[in-house]
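In the working numbering, the protein residues as written are 385 to 550.
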């Protein structure tokens with residue numbers, strides 16, 4: 385990083401707390417309005433803890449709804465809820481881990497630590513299942529959302545949930 389990039393970064397850091405607090409406000413609004421929907425699992429923020437809400441994570445309890453995740457997202461997207469994304473990246477399945485791609489000529493970290501560790505499908509069954517079937521999120525970082533959006537999305541989701549739930 386050069387001096388100009390560092391200067392920009394320092395100035396951006398001054399805005400970080402304000403940005404995070406605004407995202408929290410948006411997320412709390414949406415979460416509060418959706419907390420009673422059966423089959424929709426929302427983030428739990430314990431007392432004295434915080435969340436940056438880069439995204440608002442959701443999980444579907446597939447036993448309590450009629451449709452799979454892809455159908456749910458199609459229904460919500462078609463109704464006007466933008467920014468929803470299915471799944472997330474399972475880090476242990478990235479090529480850097482699966483193929484033990486090293487940093488530098490010394491083979492770090494694989495030579496320095498346990499070379500017998502393997503990374504394959506099935507190692508993190510819960511995370512893989514969430515990624516494939518039930519986890520989705522609203523990407524707060526990619527859109528310029530405001531409270532009006534969150535209230536509109538909550539209203540749409542609550543209306544559409546009548547046909548989504550069992």
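Built from N, CA and C at the ideal position, the CB exists for glycine as well.
The model shown is predicted, which means the values in this text are computed figures rather than measured ones.
| To which residues does DSSP link residue 437 through a beta bridge? | The sequence position of residue 437 within the chain shown is 53, counting from 1. For residue 437, which the question treats as bridged, DSSP gives no partner whatsoever.
| Going by C-alpha distance, which of 513, 386, 501 and 527 is nearest residue 474? | To locate residue 474, count along the chain shown from 1; it is residue 90. Closest by alpha carbon: 513.
| request: Could you spell out where the beta strand (DSSP E) holding residue 468 opens and where it closes? | output: If you number the chain shown from 1, residue 468 lands on position 84. Its beta strand (DSSP E) spans residues 468-470.
| query | From which residue to which residue does the alpha helix (DSSP H) around residue 492 run? | reply | Residue numbering aside, residue 492 sits at position 108 when the chain shown is read from its first letter. No alpha helix (DSSP H) contains residue 492, which DSSP labels as neither H nor E.
| Three-state secondary structure (DSSP) of residue 520 | Counting from 1 along the chain shown, the entry for residue 520 is found at position 136. Correct three-state label for residue 520: strand.
| How should residue 510 be labelled, buried or exposed, when 16 other C-beta atoms within 10 angstroms of its C-beta is the threshold for buried? | Sequence index remark: in the chain shown, residue 510 carries index 126 (1-based). So residue 510 counts as exposed.
| request: With distances taken Cα to Cα, identify the nearest neighbour of residue 463 among 546, 402, 541 and 549. | output: If you number the chain shown from 1, residue 463 lands on position 79. Of 546, 402, 541 and 549, the residue nearest in Cα terms is 541.
| task | Figure out for me which residue from 408, 436, 461 and 422 has the closest Cα to the Cα of residue 443. | result | The sequence position of residue 443 within the chain shown is 59, counting from 1. The shortest C-alpha separation from residue 443 is found at 422.
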